[in-house]
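Engineer: One structure, as structure tokens, below. Some questions next.
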Amino acid sequence: MPTASSTRLAETVREKGIVGAGGAGFPTHIKISSPCDTVIANGAECEPLLAGDRYLLLKDYRSVISGLKLVMESTGARKGVLAIKKKETEAATVLEEELRETEGIDLFLLDNFYPAGDEFLLVYEITGRVVPEGGLPINVGCIVQNVETLHNISRAVEHNTPVTRRTLTCTGEVKTPSVVTAHIGTSFREIIGLCGGVTGGASLDEDYVIIAGGPLMGEVVTDPDTPVTKLTTGLIVLPASMDLVVEKTLPMETIIRRSRSACCQCTYCTELCPRYLLGYELYPHKIMRQVNLGLEEPEEAILNAILCSECALCETYACPMGLSPSRVNRVIKMKLKEAGYKPPSGRSSPVARDMREYRRVPSERLTVRLKLQQYEEMRLREGVLTDPRRVELLMKQHTGEPAIPVVKQGVQVEEGQLIGEIPDNRLGARVHASISGKVTFVDGARVIITREAGG
Numbered sequence: 061m062p063t064a065s066s067t068r069l070a071e072t073v074r075e076k077g078i079v080g081a082g083g084a085g086f087p088t089h090i091k092i093s094s095p096c097d098t099v100i101a102n103g104a105e106c107e108p109l110l111a112g113d114r115y116l117l118l119k120d121y122r123s124v125i126s127g128l129k130l131v132m133e134s135t136g137a138r139k140g141v142l143a144i145k146k147k148e149t150e151a152a153t154v155l156e157e158e159l160r161e162t163e164g165i166d167l168f169l170l171d172n173f174y175p176a177g178d179e180f181l182l183v184y185e186i187t188g189r190v191v192p193e194g195g196l197p198i199n200v201g202c203i204v205q206n207v208e209t210l211h212n213i214s215r216a217v218e219h220n221t222p223v224t225r226r227t228l229t230c231t232g233e234v235k236t237p238s239v240v241t242a243h244i245g246t247s248f249r250e251i252i253g254l255c256g257g258v259t260g261g262a263s264l265d266e267d268y269v270i271i272a273g274g275p276l277m278g279e280v281v282t283d284p285d286t287p288v289t290k291l292t293t294g295l296i297v298l299p300a301s302m303d304l305v306v307e308k309t310l311p312m313e314t315i316i317r318r319s320r321s322a323c324c325q326c327t328y329c330t331e332l333c334p335r336y337l338l339g340y341e342l343y344p345h346k347i348m349r350q351v352n353l354g355l356e357e358p359e360e361a362i363l364n365a366i367l368c369s370e371c372a373l374c375e376t377y378a379c380p381m382g383l384s385p386s387r388v389n390r391v392i393k394m395k396l397k398e399a400g401y402k403p404p405s406g407r408s409s410p411v412a413r414d415m416r417e418y419r420r421v422p423s424e425r426l427t428v429r430l431k432l433q434q435y436e437e438m439r440l441r442e443g444v445l446t447d448p449r450r451v452e453l454l455m456k457q458h459t460g461e462p463a464i465p466v467v468k469q470g471v472q473v474e475e476g477q478l479i480g481e482i483p484d485n486r487l488g489a490r491v492h493a494s495i496s497g498k499v500t501f502v503d504g505a506r507v508i509i510t511r512e513a514g515g
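In my numbering, each residue's number is its place in the sequence shown (first place is 1) plus 60.
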């Protein structure tokens, strides 16, 4: 049963539009409404090149710890864990000192493997519990929250501040790679401009693309005027001709055609799959076999594509032929969702496979395979803050239904003012103005706010 404390915090979090900042965007007020025994702060910075979580943990770690304490108190959790990678020695030193006198919260140091930040893997690494197939961490008594989400919770409670900004990493082919605190709705183009623009005097529109998010799970964006959302963890500017970009933009027909001719049935995609190694009945090679050749495979082999985390390790590292089981799984998951299929919750109790420890992929090796090491070695400028004159605020920046605009064109709004409300009795999140100014455009998908010159 929800307690008065949990109800209070959940209502504040709902009011301030807080969603999972790690990239999934699940509304946090729903996630923290269930009791648990362990709350895990995820600071693992899962993908290569991203550094926003590390920046927060160095510059504002007290707000992260405060947010963690608030969620622990709300959910009745007796244990809190702040998880970061062992290689982050500076952050580890600071946090160890801070947590030394903090009762009930431990620091957990992870090895540098991919995808260490996957919440199912985190739960297993820290507690030894395996989330059941079709389940969530709460099914084994855990809640996992990204460190920026906890930072946002702390600011909501202590400063009455809604989510209007986002910490992200802008790197790749930019002159001054930076960690940027961006007003939500700022265009990618403006942020890249703050980082000195693209290298070599080339055209952002013609010669480069942007990966929004991390290099493995992020999406290729060809429109530089796309706005930052609550989920934008990174902007990685890469040459349009780079192998990683080309593979990410292949049409599904090409992926299937290549798979039919080139799949050598080696099973590496399964043997290195993090979810398979965690004990799940997920066999990417069987799914590829069925899709490519129409061979008789049990129905569960295809339905279990729903268990795929889309970490893309199979296509970027495991497959010697450069095929894309992860993207095939994504399409199958989409089709299953459209058909109304839901996996039975808790249908099995997986046991981690014996070889898991020996098949974890080091992040350094993955970075080299992706030809990203030159960007990994770049020093990042910190403390960059946007100052946009115009923001485009999308009404869907989260899992669930789009928010409904509650402002009209022509009105003046203040930073932090509610502009998008959750539809009645639906899953969603509120949206707030990230700058003060005039609403110059409204439709069901977006609200554009423009600040007067000199304002």
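All C-beta atoms in this analysis are idealised placements derived from N, C-alpha and C, irrespective of residue type, glycine included.
Please tell me whether Leu167 and Glu156 are closer than 7 Å, where the distance is taken between their beta carbons.
Structural biologist: yes
Engineer: I want to know whether the stretch 295 to 302 touches the stretch 264 to 279 - three or more CB-CB distances under 8 Å.
Structural biologist: yes
Engineer: Report all residues from its chain with a CB closer than 7 Å to the CB of Glu148; omit the five preceding and five following residues, and keep chain order.
Structural biologist: Arg114
Engineer: Among the candidates Lys290, Thr241, Ala262 and Glu233, whose CA atom is the shortest distance from the CA of Ile271?
Structural biologist: Among Lys290, Thr241, Ala262 and Glu233, the Cα nearest to that of Ile271 belongs to Glu233.
Engineer: Provide the residue span of the beta strand (DSSP E) that contains Arg101, from first to last.
Structural biologist: One point to set straight first is that residue 101 is Ala, not Arg, in the sequence displayed. Counting along the chain, the beta strand (DSSP E) containing Ala101 begins and ends at Thr98 to Asn102.
Engineer: Quick check on this structure: which residue in Lys468, Cys324, Ile198 and Arg215 has the alpha carbon closest to the alpha carbon of Leu69?
Structural biologist: Taking each of Lys468, Cys324, Ile198 and Arg215 in turn and checking the Cα distance to Leu69, the smallest one comes out for Arg215.
Engineer: Who are Tyr268's beta bridge partners in DSSP?
Structural biologist: Pro299
Engineer: If you draw a straight line from the alpha carbon of Gly80 to that of Thr221, how long is it in whole angstroms?
Structural biologist: Those two C-alpha atoms are separated by around 16 Å.
Engineer: Keeping to the same chain, check which residues put their C-beta closer than 6 Å to that of Met132; ignore five residues upstream and five downstream.
Structural biologist: Val99 and Gly140
Engineer: Can you tell me where the alpha helix (DSSP H) holding Asp113 begins and where it ends?
Structural biologist: Gly112 to Lys119
Engineer: Tell me which residues share the same chain as Gly82 and place their Cβ nearer than 6 Å to its Cβ, disregarding the 5 neighbours each side in the sequence.
Structural biologist: Asn206
Engineer: Taking the alpha carbon of Glu474 as the reference point, which residue from Ser409, Val491 and Asn352 has its own alpha carbon closest?
Structural biologist: Val491
Engineer: Here's the rule I'm using: 16 or more other beta-carbon atoms within 10 Å means buried, otherwise exposed. How should His211 be labelled?
Structural biologist: buried
Engineer: Classify Phe173: buried if its beta carbon has 16 or more other beta carbons within 10 angstroms, exposed otherwise.
Structural biologist: buried
Engineer: If you compare alpha carbons, which of Cys333, Leu430 and Asn352 is closest to Tyr343?
Structural biologist: Cys333
Engineer: So what does DSSP say about Ser238, is it helix, strand or coil?
Structural biologist: strand
Engineer: For the beta strand (DSSP E) holding Ala322, just list the boundary residues, first then last.
Structural biologist: Element bounds for Ala322: not the beta strand (DSSP E) but the alpha helix (DSSP H), Met312 to Ala322.
Engineer: Going by C-alpha to C-alpha distance, which of Cys329, His89 and Leu254 sits closest to Ala378?
Structural biologist: Cys329
Engineer: For Lys290, which of Glu161, Arg138, Leu118 and His243 has the nearest alpha-carbon?
Structural biologist: His243
Engineer: Buried or exposed: Ser321, going by 16 or more other Cβ atoms within 10 Å of its Cβ?
Structural biologist: By the 10 Å Cβ count, Ser321 comes out exposed.
Engineer: In the structure shown, what three-state DSSP assignment does Glu279 receive?
Structural biologist: It is a strand residue.
Engineer: Can you tell which of Ile495, Asn485 and Gly103 has its C-alpha closest to the C-alpha of Gly476?
Structural biologist: Ile495
Engineer: In chain order, which beta strand (DSSP E) runs of at least 3 residues are fully inside the stretch 419 to 498?
Structural biologist: 441 to 445, 450 to 454 and 478 to 481
Engineer: Tell me which same chain residues have a C-beta within less than 7 Å of the C-beta of Asp120, skipping the five on either side of it?
Structural biologist: His211
Engineer: On the three-pair Cβ rule with 8 Å, is the stretch 384 to 397 touching the stretch 416 to 423?
Structural biologist: no
Engineer: Confirm, please, whether the CB-CB distance from Ala399 to Ser386 is below 7 Å.
Structural biologist: no
Engineer: What's the call for Gly443, buried or exposed, on a 16-neighbour Cβ count within 10 Å?
Structural biologist: exposed
Engineer: Check whether the stretch 88 to 99 touches the stretch 194 to 202, counting contact only when three or more Cβ pairs, one atom from each stretch, lie closer than 8 Å.
Structural biologist: Result yes; three or more Cβ-Cβ pairs closer than 8 Å.
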